[in-house]
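Take a look at the structure set out below.
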Amino acid sequence: MNKAKKCSICQTDVIGLYCYNCGQKITGRRLRFKEVLAELTEGIFSIEKSLIATFYHLLIKPKQVIENYWEGNRNYYYSPVKMLTLALFVIGIHVVFVNKDILGVSVNMNGVSKEMSVIFSPQVFFITLMLPLISVVTYITYFKQKHNVLEHITSVTYLFAFWAVVITIFWDLLEFVLGDPDSLGAFVLFTLCLFIWTARIFTRSVKWYRIVINTLAEFFIFCLLIASLVGILYFFDPSALDVSAS
Ligand SMILES: [Zn+2]
27 MNKAKKCSIC
37 QTDVIGLYCY
47 NCGQKITGRR
57 LRFKEVLAEL
67 TEGIFSIEKS
77 LIATFYHLLI
87 KPKQVIENYW
97 EGNRNYYYSP
107 VKMLTLALFV
117 IGIHVVFVNK
127 DILGVSVNMN
137 GVSKEMSVIF
147 SPQVFFITLM
157 LPLISVVTYI
167 TYFKQKHNVL
177 EHITSVTYLF
187 AFWAVVITIF
197 WDLLEFVLGD
207 PDSLGAFVLF
217 TLCLFIWTAR
227 IFTRSVKWYR
237 IVINTLAEFF
247 IFCLLIASLV
257 GILYFFDPSA
267 LDVSAS
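So for the sequence shown, our numbering puts the first residue at 27; every next one is plus one.
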């Protein structure tokens, strides 16, 4: 006689530890102090485990992490949205405690109205501009690979957030040790890492020189896009480009 428990969420008969319908864990144990303590340590530990696995694997085998996400596997690694939230958090701390440059770029919010600036903090503004731009770069560069737009956006989000966190922390440490390194270097390093890692995702061949060629192609298309955006902006409103070094 197999005693099936009922899931308290979806009323499915459950055998084993997890409801196969909604995923709830059914321990069958009443609440005790010991359980709460165990849960607390487990909670802290599992966040750390997931965070470390995501970062470590994005560093050494980014393709596996991202393809795993494309294939619909969840909850082992951080999701792209969770990574982005983490990046906003880290950049937010940097803006409050270190300086206002975001990845070496001083984001000019003059063109943004007061009402809008409630929603658009400089870091949100920066990410809102950069994410679509980089996604267009990878979409054009790897057009032949026939990945869909969502695959480009999610992989760029993953790697963008990853490098935003790493470079922000790294550059702040560098600044702490060396005094005041050229902050534009942070942006160059960030885009370089981002392009190399997206090349690692989208390059079919594993040959290193293929990855180098694709990194350069991405960089070229990135510059081309920036130049055309600046050109368009200038065409409609020449005064908008009055970014004279303040
Ligand atoms: Zn259930």
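Ideal placement from N, C-alpha and C gives every residue a C-beta, glycine not left out.
Nothing here was measured: the structure is a model prediction, and the numbers come from that model.
If only complete runs of 3 or more residues are kept, the stretch 80 to 132 shows no beta strand (DSSP E) anywhere. DSSP, reduced to helix, strand and coil, places Y44 within a strand of the structure shown.
Three or more beta-carbon pairs drawn from the stretch 73 to 92 and the stretch 102 to 109 are found closer than 8 Å, and the two stretches are therefore classed as touching. Taking every protein chain shown into account, the CB of M142 has fewer than 16 other CB atoms within 10 angstroms, so this residue is exposed. In the three-state reduction of the DSSP assignment, D39 falls in the strand class. In this structure, the straight-line span from the alpha carbon of G49 to that of C36 is close to 10 Å. Judged by DSSP in its simplified three-state form, K170 adopts helix. According to DSSP, residue pairing for K31 in a beta bridge involves V40.
In the three-state scheme derived from DSSP, where H, G and I count as helix and E and B as strand, K233 is classed as coil.
Under DSSP, K51 shares a beta bridge with Y44. Separation of F71 and K108 (C-alpha to C-alpha, rounded to the nearest whole angstrom) is 17 Å. Within the model, the alpha-carbon separation for T67 versus F59 is close to 13 Å.
Within its own chain, the residues whose Cβ lies closer than 7 Å to the Cβ of A212, once the five positions on either side in sequence are excluded, are L129, G130, I193 and W197, listed in chain order.
Here the stretch 253 to 265 makes no contact with the stretch 223 to 236; the two share fewer than three CB pairs at distances below 8 Å. Counting only residues of its own chain and dropping the five nearest sequence neighbours on each side, C45 has a CB closer than 6 Å to the CB of C33 and T38.
Every residue whose beta carbon comes nearer than 6 Å to a heavy atom of ligand 1 appears here in chain order: C33, I35, C36, T38, C45, N47, C48 and Q50.
With a cutoff of 7 Å on beta-carbon distance, A113 and A187 are scored as near each other. Contact annotation: P148 and M135 have beta-carbon atoms nearer than 7 Å. Taking all protein chains in view, the Cβ of A64 is surrounded by fewer than 16 other Cβ atoms within 10 Å, so the residue is classified as exposed. A distance below 6 Å between beta-carbons, with the five flanking residues on each side excluded, links V162 to no residue of its chain.
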